[in-house]
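J.: Residue numbers (UniProt numbering), protein chains in the order written: chain A, 1 to 658; chain B, 1 to 191.
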Amino acid sequence: MRTTSVRKLLPEAWGFLCPVHTPDGTPCGLLNHLAAACRVVTSTPPTVHLPKLLVSLGMTPLGAPTVAVGDTGSSSVSVLLDGRVVGEVSQAQAAEIAIKLRTLKALGKEKVPSTLEIGLVPVLTGGQYPGLFLMSGPARMVRPVLNLSTNTTEMIGSFEQVYMDIAVVPEEAIKDATTHMELDEKAMLSAIAQLTPYSDFNQSPRNMYQCQMGKQTMGTPAHSLPYRMDHKLYKLQTPQVPMVRPYAHDHLKIDNYPHGTNAVICVISYTGYDMEDAMILNKASYERGFAHASVYKTELIDLQSISKDRGGANLQFGVLPGDNTAKTGLEGNGFPPIGAYLQEGDAFYSYVDLDAGVSKVSYYKSIEPAYLEQIKLLGDESGEGRLQRVFLKLRVNRNPIIGDKFASRHGQKGICSQKWPVENMPFTESGMVPDIIFNPHGYPSRMTIGMMIETMAGKSAALHGLCHDATPFTFSEDNSAVDYFGRLLKKAGYNYYGNERMYSGVTGREFEADIFFGVVYYQRLRHMVSDKFQVRTTGPIDIVTHQPVKGRKRAGGIRFGEMERDSLLAHGSSFLLQDRLLNCSDRSLSRLCKKCGSLLSPMLVRGPSTGTTESSSRWRCQVCSDGGQIEIITVPYVFRYLVAELAAMNIRVELSTC
Amino acid sequence: MMRNIPLPYANAIRRICLNGVPVFAIDKVSVRENSSVMADEALAHRLGLIPLKTDLTEFKELKSVDTDHDTSKVMLILDLEESDATRTVLSGELTSEDRFVKPVSADIPIVVLAPGQKVWIDAYARLGRGTEHAKWNSANIAVLTETDEDEERILTVESTGALPPEQIVLSAVEELSNRISGFKELVSQVA
Ligand SMILES: [Zn+2]
């Protein structure tokens, strides 16, 4: 779908759908998220009394004798309640009724449902069909705004919103026109978009990226870990609460689910390992616990399904009395002790075939070692069945390594490229050493000024022992964020702009430029090399082609395709080309009859049986009458396959041997 | 303050102050029981980071701890009764077999125990260097700053508490001269 109109944020969507929280690319604007304050009506409020109320407000009920509306000449419009015509009213009266009804709704009087939508469509050339449309039913989006005439919060729907006059801030209210005001400037944002600090300083797409990445952080997914058996769960072992936090962070109680670390960052190109969004981690910070994390995995062991495969054997977890448990490390119940460190090939669990009286040990298969965190025994519905199923929860250590992904809260992601020794890190005069080195080239094109403000805010928060409010739309031209935090930094005895004099850790020499230095809340993202790396020397091959199989799980290779081949050809690197496409692929030795040029005709012919050795066996060409001239050549195995396939179609392939 | 000392030499001393002077840190941990919410390896990691008072005269450096044989290791035990209230376990509750090698502070939090939870751990500390792991860093901060005077610098060293800062600097100087004489010997062997 290439059309753009359906992706647009239309007036009726304002305040209901978040303009920031949508992916970029194909699903942009199609995959949307509700604004944080948006609610969905789920109940059906009673409305039987409404027609009567409308009549009392001046509506002419259906079936009433037609009365001359007046000499204004304006025609009357219909009043509809949930799609049902309940009466009609003159155009002028319609507006009056709508205002009165809205006041009753905002004040909660006359049992007017608080979620009633009062859509007054005026007569406009080219506009929607005019009328007073009332909607009360469920499955509508509503959101709170301030009704200025009653000074109460009113829930409005997306249909009526288009015909209402709602100001965002008091300054933009128009006299005699504005009837409503937004509760909050940030009300248009989704819950996740509201968590981005100083998002009003950032280039818009960066805030969109942060909305995607905020959902990929390793953090504190739950507090009920012992009672959960997730297939995969990512948990930060050393999380921190951010020092710089927007209103939503406290409002949504995100402190109970911290998802990052306050990292000291230093904006400098330092080692050459920080190009193209790579970042350098301080090795000492890492060793002291920076972004340490674990992955919790659960495996289900079901003896019933194993039993089915084995023809309905009578199985039970455990080991036989004679089994050497010391060798396997398993306990009498058939499992390793809780906390056991399991490596590939270690005994994982054991069960006994009660009929045959033999035991079978299953081994831990993953190449990634894990700790046994918990064993959960599963019964059946009645709770009386035999123990046949268990959950084994494993804890895999995933402390940061080179290739793991990190991001600040401003759509600035980066890959850890080095763990740099602390003595080589740059240091400030006060002895501070950064946890992360961030490349300054990340700023100009991305324009994430919010991250720079956060750097200053974080630094001043740490210096003064505060938490700073990072809610968007709180600063202005007259009251600038840079000035606010600059003054705080100055008060703490630091440079107004957050810069510091720094020294090279390698040479001890002072840098010529002062370096931007501060504290930024960094998130660890769950994309880790351990899950993604693909490497192969030799390994499984395809039976038909003898070429390496594909796929990371099967220890396969990465395709060296035609375009890659073209590239090597263009460089003239023929040795590498042969290495990739032949030697490391399906190189094979094959016999060829030099005389007739056939790959298929050479055959091993047994000589007269002498009963001694195979010395009498000879390779002969089946086509040439004199046995041909057989030689061994190197060919790709698929080529042999191709020749055989062609032969099946009566096509002869002849190799020229000049 | 350093006067008339070339920058490379002064910086070498700074670097050695950070991680070239051996100090004690817990390196091997046997978890006998741990029913706290903290994972065994996370608990072991926290124990490793507790700075221990170090006596450089009595012990020699090891590459790794042999729990059965080495004499240059110190065992520390954390054996706690089942807690009856939620409480924070502090470093002061570690009992050391050595009268000198023990946590520099008794108030470092290790883990929070809920009622009914228990921790029983044998830990072995050894001498090591910060180049191997940050827990053996002898100084948290070692900074070399320039003054207005020519060829005059100030070396600031903040100790973890394992060794007094003066001793760190003295040991660093000794370490540097050892390395240089070691290098001299290497060169003489080649020549
Ligand atoms: Zn032939």
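A virtual CB, placed ideally from N, CA and C, is assigned to each residue, including glycine.
Output, in sequence order along the chain, the residues in the stretch 120-145 of chain B whose CB is closer than 9 Å to any CB in chain A.
T.: Within the stretch 120-145 of chain B, the residues whose Cβ lies closer than 9 Å to some Cβ of chain A are G130, T131, H133, A134, K135, N137, N140, I141, A142, V143, L144, T145, listed in chain order.
J.: Mind the definition here: the stretch 179-197 of chain A touches the stretch 370-381 of chain A only if three or more C-beta pairs lie below 8 Å; say whether that holds.
T.: No: fewer than three Cβ pairs fall under 8 Å.
J.: Among A:T22, A:S190, A:A370, which one has its Cα closest to the Cα of A35 of chain A?
T.: Counted from its first residue, the first sequence places residue 35 of chain A at position 35. Answer by Cα proximity: A:S190.
J.: Do the CB positions of P258 of chain A and T220 of chain A come within less than 7 Å of each other?
T.: As a working mapping, residue 258 of chain A is identified with position 258 in the first sequence. As a working mapping, residue 220 of chain A is identified with position 220 in the first sequence. Cβ atoms of P258 of chain A and T220 of chain A: closer than 7 Å.
J.: Measuring only between beta-carbons, confirm whether E287 of chain A sits less than 7 Å from chain B.
T.: Start at 1 with the first residue of the first sequence, and residue 287 of chain A comes out as number 287. Yes - at least one Cβ of chain B is within 7 Å of the one on E287 of chain A.
J.: Kindly indicate if chain A contains any beta-carbon less than 7 Å away from that of D40 of chain B.
T.: Taking the second sequence and counting its residues from 1, the one referred to as residue 40 of chain B is at position 40. Cβ-Cβ to chain A under 7 Å: yes for D40 of chain B.
J.: Return yes when the C-beta of K595 of chain A is under 6 Å from any heavy atom of ligand 1, and no when it is not.
T.: Residue mapping note: residue 595 of chain A aligns to position 595 of the first sequence, counting from 1. It does: the Cβ of K595 of chain A is within 6 Å (strictly closer) of some heavy atom of ligand 1.
J.: Provide the residue(s) that pair with R618 of chain A in DSSP beta bridges, ordered along the chain.
T.: The residue labelled residue 618 of chain A in the question sits at position 618 within the first sequence. Answer by DSSP bridge pairing, in chain order: A:V605.
J.: In whole angstroms, what separates the C-alpha of D309 of chain A from that of H410 of chain A?
T.: Counted from its first residue, the first sequence places residue 309 of chain A at position 309. Counted from its first residue, the first sequence places residue 410 of chain A at position 410. In a straight line, the C-alpha of D309 of chain A is about 52 Å away from that of H410 of chain A.
J.: According to DSSP, simplified to helix, strand and coil, what is V48 of chain A?
T.: Locating residue 48 of chain A in the first sequence gives position 48, counting from the first residue. In this structure, V48 of chain A counts as coil in the three-state DSSP scheme.
J.: Could you name the residues of chain B that S294 of chain A contacts, counting a contact when the two beta carbons are closer than 7 Å?
T.: For the purposes of this step, residue 294 of chain A is identified with residue 294 of the first sequence, where counting begins at 1. By Cβ distance, chain B contributes A39.
J.: If we define contact as Cβ-Cβ less than 7 Å, is R15 of chain B a contact residue for chain A?
T.: Translated into positions along the second sequence, residue 15 of chain B becomes position 15. It does: the Cβ of R15 of chain B has a partner Cβ on chain A nearer than 7 Å.
J.: For I158 of chain B, which option in B:E152, B:D148, B:E149, B:V169 has the closest C-alpha, if you only look at C-alpha atoms?
T.: Start at 1 with the first residue of the second sequence, and residue 158 of chain B comes out as number 158. In the sequence under discussion, the amino acid at residue 158 of chain B is Glu, which differs from the Ile named in the question. If we check each option's Cα against that of E158 of chain B, B:V169 comes out closest.
J.: Identify, in the order they occur along the chain, each residue of the same chain with its Cβ nearer than 6 Å to the Cβ of E88 of chain A, setting aside the five sequence neighbours on each side.
T.: Locating residue 88 of chain A in the first sequence gives position 88, counting from the first residue. Within the same chain, E88 of chain A has close Cβ partners T60, S76, S78.
J.: Of the residues A:I437, A:F438, A:V422, A:N439, which one's Cα is nearest the Cα of G431 of chain A?
T.: Here residue 431 of chain A corresponds to residue number 431 of the first sequence, with the count starting at 1. G431 of chain A has its Cα closest to that of A:V422, out of A:I437, A:F438, A:V422, A:N439.
J.: Name the DSSP bridge partner or partners of H468 of chain A?
T.: Within the first sequence, the letter at position 468 stands for residue 468 of chain A. According to DSSP, which records beta bridges pairwise, H468 of chain A is partnered with A:V244.
J.: From the DSSP output, read off the bridge partner residues of T428 of chain A.
T.: The count along the first sequence starts at 1 and reaches residue 428 of chain A at position 428. Answer by DSSP bridge pairing, in chain order: A:M502.
J.: Is it the case that the CB of V623 of chain A approaches a heavy atom of ligand 1 more closely than 6 Å?
T.: Taking the first sequence and counting its residues from 1, one reaches residue 623 of chain A at position 623. Within the cutoff, so yes.
J.: Does any C-beta atom of chain A lie closer than 7 Å to the C-beta of N11 of chain B?
T.: As a first step, residue 11 of chain B is located in the second sequence; it is residue number 11 there, counting from the start. Yes, N11 of chain B lies at the interface with chain A (some Cβ there is under 7 Å from its Cβ).
J.: Do E12 of chain A and P197 of chain A have their beta-carbon atoms positioned less than 7 Å apart in this structure?
T.: For the purposes of this step, residue 197 of chain A is identified with residue 197 of the first sequence, where counting begins at 1. For the purposes of this step, residue 12 of chain A is identified with residue 12 of the first sequence, where counting begins at 1. No, Cβ-Cβ distance for P197 of chain A and E12 of chain A is not below 7 Å.
J.: Using a Cβ-Cβ cut-off of less than 9 Å, list which residues of the stretch 414-443 of chain A approach chain B; keep chain order.
T.: From the stretch 414-443 of chain A, only P421, V422, E423, N424, F427, T428, E429, S430, G431, M432, V433 have a Cβ closer than 9 Å to chain B.
J.: Taking 7 Å as the limit between beta carbons, can you name the residues of its chain near P138 of chain A, skipping five residues before and five after?
T.: Position 138 of the first sequence, counted from the first residue, corresponds to residue 138 of chain A. Only V41, T42, S43, T44 meet the Cβ criterion.
J.: In whole angstroms, what is the alpha-carbon distance linking I5 of chain B and T147 of chain B?
T.: Along the second sequence, one-based indexing puts residue 5 of chain B at 5. Along the second sequence, one-based indexing puts residue 147 of chain B at 147. Approximately 13 Å, taken between the alpha carbons.
J.: Quick check: what's the CA-CA separation for N314 of chain A versus F348 of chain A?
T.: The residue labelled residue 314 of chain A in the question sits at position 314 within the first sequence. The residue labelled residue 348 of chain A in the question sits at position 348 within the first sequence. Each residue's alpha carbon lies about 20 Å from the other.
J.: Buried or exposed: which applies to M649 of chain A, given that a residue is buried once 16 or more other Cβ atoms fall within 10 Å of its Cβ?
T.: Start at 1 with the first residue of the first sequence, and residue 649 of chain A comes out as number 649. Exposed is the call here.
J.: With a threshold of 8 Å, are at least 3 pairs of Cβ atoms found where one atom belongs to the stretch 281-299 of chain A and the other to the stretch 508-520 of chain A?
T.: The stretch 281-299 of chain A, when compared against the stretch 508-520 of chain A, does not touch it at the 8 Å Cβ threshold.
J.: Is it buried or exposed for E645 of chain A, if we count other Cβ within 10 angstroms and need 16 for buried?
T.: Stepping through the first sequence from its first residue, residue 645 of chain A is reached at position 645. Classification for E645 of chain A: exposed.
J.: For my contact list, T261 of chain A and Y522 of chain A are in at a C-beta cut-off of 8 Å; report their separation, rounded to the angstrom.
T.: As a working mapping, residue 261 of chain A is identified with position 261 in the first sequence. As a working mapping, residue 522 of chain A is identified with position 522 in the first sequence. Their Cβ separation, rounded to whole angstroms, is 6 Å, which keeps T261 of chain A and Y522 of chain A in contact under 8 Å.
J.: Determine, using beta carbons only, whether G508 of chain A comes closer than 7 Å to chain B.
T.: The residue given as residue 508 of chain A occupies position 508 in the first sequence. Yes, contact with chain B.
J.: Ligand 1 and S601 of chain A: does any heavy atom of the ligand fall closer than 6 Å to the residue's C-beta?
T.: Within the first sequence, numbered from 1, the residue matching residue 601 of chain A stands at position 601. It does: the Cβ of S601 of chain A is within 6 Å (strictly closer) of some heavy atom of ligand 1.
J.: Nearest chain A C-beta to residue 199 of chain B closer than 7 Å, yes or no?
T.: The question about residue 199 of chain B has no answer, for chain B in this structure spans 1 to 191.
J.: Flag this pair as touching only if the stretch 521-538 of chain A and the stretch 398-405 of chain A have three or more C-beta atom pairs under 8 Å; answer yes or no.
T.: Because the criterion of three Cβ pairs below 8 Å is met, the stretch 521-538 of chain A and the stretch 398-405 of chain A touch.
J.: Do V145 of chain A and E154 of chain A have their C-beta atoms within less than 7 Å of each other?
T.: Counted from its first residue, the first sequence places residue 145 of chain A at position 145. Counted from its first residue, the first sequence places residue 154 of chain A at position 154. Against a cut-off of 7 Å, the Cβ pair of E154 of chain A and V145 of chain A comes out as a contact.
J.: I want to verify the contact list: residues of chain A whose CB lies under 8 Å from the CB of N178 of chain B, in sequence order.
T.: By one-based count along the second sequence, residue 178 of chain B stands at place 178. Correct list: empty, because the minimum Cβ distance to chain A is about 18 Å.
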